[in-house]
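**Student:** In the numbering used here, the protein residues as written are 53 to 549. For glycine and all other residues, C-beta sits at the position ideal for the given N, C-alpha and C. This is the structure I want to talk about, given as structure tokens.
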């Protein structure tokens, strides 16, 4: 890559960071109340919420991680792009209920919803907060890893330098403006991601001639080697399971599609919507924009595989380089927008998880533990936690040798195991009670901690897959075996929506 191209990319990326910073600072004017700072409650329209949700969900996991998985293991993760429809499904299934919670009580966080649904049960709130924070840190680390890899690819910068520069700036403006600034900057960054995706998809078809040519090229070359790196291809690489065991490939397919329903990026945006009647529009914006970004992840992966199979580029030492390799080959315009898309994806998700996790640690967890922080001090305490979490995530990303996708799916799966018992089952099923949800979230907490140790559950599936299944089953069974919880008339109306 020429020095001129690098300079152009850096200037454009710098302008995007500066624009995000300016939006975040200006948003401070709207973050005057606790509901605004912590939740952005009832403040935004469908386009802003849809783009923000998409950007928070897609993240660097989609732009860098998914192409890396497809390049490394083959066909199965291609189905991930179908999760665009899962976001519309999430709004149809849960949207009315979550948004209605903001009508029956003041809502600033997921912990507030838990309090209303489960009679202020402190243990549920505390365990839920801890598990979600664990998932948020994993997801944050994935974003920082992707951003650091981008600048290492361009300039050879260290992970520490990139993390402190870019994500330090992000932490500052997010701490100042809270969730209001988070939603506004994420909407802007989501727009950048969609624009870049459209350009890259056009480039993919111009370079390859379409998926037929890609499949023919990849299936006809059993193996290719260069620069000490060997890449195995061939027809088996494109079968239903690719290079992975069937159970693992199935988990890769199902978790992104089913897991969208339980992601904080979706749940928190539902009550940030100003007009409940705009839920269908919000679902459509989220689904369409995510499908576009999802498709570019697939196109970049198969574009890189096509270039390797046809000998136009050397085999890649890391799957995470697939997106960059295709962007570099496609020309300056694609590089410019592609690299900006990676940065936008990483920043949007990072800011979202910073606000969510700091709210849980500064507001929900202390309340669950009986620690009273005066309301006029909660925002400042939250800002301190954002800085601590930002630094911790940078350190974890530097010390982790995992691919972006592995860090991302750990975070994704952990979040689903925490939110499904409390919010999905709790808001869809009237029979769910405090004891059942407490048992489910307690199991989730223990199993997520075990996943960080060498202990492995049998079956060969990713640990988070087992954790999700077990926590849901325990929630349902214990709820059925224990007395039914009496709900307030308003809460019953919410569940009946």
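Do three or more CB pairs link the stretch 66 to 82 to the stretch 285 to 293 at distances below 8 Å?
**Tutor:** no
**Student:** For residue 518 and residue 504, which I take to be in contact (beta-carbon distance under 8 Å), what is that distance rounded to the nearest angstrom?
**Tutor:** Rounded, the Cβ-Cβ distance is 14 Å, inconsistent with contact.
**Student:** I'd like the list of long-range same chain contacts for residue 404, defined as Cβ closer than 7 Å, with 5 residues on each side in sequence excluded.
**Tutor:** 108, 234, 238 and 317
**Student:** Consult DSSP for residue 96 and reduce its assignment to one of helix, strand or coil.
**Tutor:** strand
**Student:** Does residue 99 get closer than 7 Å to chain B when you measure Cβ to Cβ?
**Tutor:** Looking at the structure shown, chain B is missing, and only one protein chain is on hand.
**Student:** Decide if residue 157 is buried, meaning its Cβ has at least 16 other Cβ atoms within 10 Å, or exposed.
**Tutor:** exposed
**Student:** Take the Cβ of residue 177 as the centre, count every other Cβ of all protein chains shown within 10 Å, and call the residue buried at 16 or more, exposed below.
**Tutor:** buried
**Student:** Just grab the DSSP bridge partners of residue 283 for me.
**Tutor:** In the DSSP output, where bridge partners are listed per residue, residue 283 has 276.
**Student:** Give a yes or no on whether the C-beta atoms belonging to residue 470 and residue 236 are separated by under 7 Å.
**Tutor:** no
**Student:** What's the gap between the Cα of residue 272 and the Cα of residue 288?
**Tutor:** 11 Å
**Student:** As a quick exercise: from 160, 132, 130 and 99, pick the residue whose alpha carbon is nearest that of residue 89.
**Tutor:** Of the candidates 160, 132, 130 and 99, the one whose C-alpha sits nearest the C-alpha of residue 89 is 160.
**Student:** Assign residue 369 to buried or exposed, taking buried as 16 or more other Cβ atoms, counted over all protein chains shown, within 10 Å of its Cβ.
**Tutor:** exposed
**Student:** Is the beta carbon of residue 442 less than 7 Å from the beta carbon of residue 473?
**Tutor:** no
**Student:** Got a sec, what are the start and stop residues for the alpha helix (DSSP H) residue 130 sits in?
**Tutor:** Premise fails: residue 130 is in no alpha helix (DSSP H) and is neither H nor E.
**Student:** Quick check: the Cα distance between residue 62 and residue 255, rounded to an integer number of angstroms?
**Tutor:** 21 Å
**Student:** Taking the alpha-carbon positions, what's the residue 216 to residue 393 distance?
**Tutor:** 20 Å
**Student:** Can you tell me which of 477, 494, 361 and 188 puts its alpha carbon nearest to the alpha carbon of residue 284?
**Tutor:** Minimum Cα distance to residue 284 is reached at 361.
**Student:** Identify, in the order they occur along the chain, each residue of the same chain with its Cβ nearer than 7 Å to the Cβ of residue 522, setting aside the five sequence neighbours on each side.
**Tutor:** 495 and 499
**Student:** Just to confirm, is the Cβ distance from residue 145 to residue 153 under 7 Å?
**Tutor:** no
**Student:** Could you check which residue in 301, 488 and 346 has the C-alpha nearest to that of residue 126?
**Tutor:** Out of 301, 488 and 346, 301 has the C-alpha closest to the C-alpha of residue 126.
**Student:** Are residue 475 and residue 319 closer than 7 Å when you measure CB to CB?
**Tutor:** yes
**Student:** Tell me whether the beta-carbon of residue 374 lies closer than 7 Å to the beta-carbon of residue 398.
**Tutor:** no
**Student:** Report the three-state DSSP secondary structure of residue 413 (helix, strand or coil).
**Tutor:** helix
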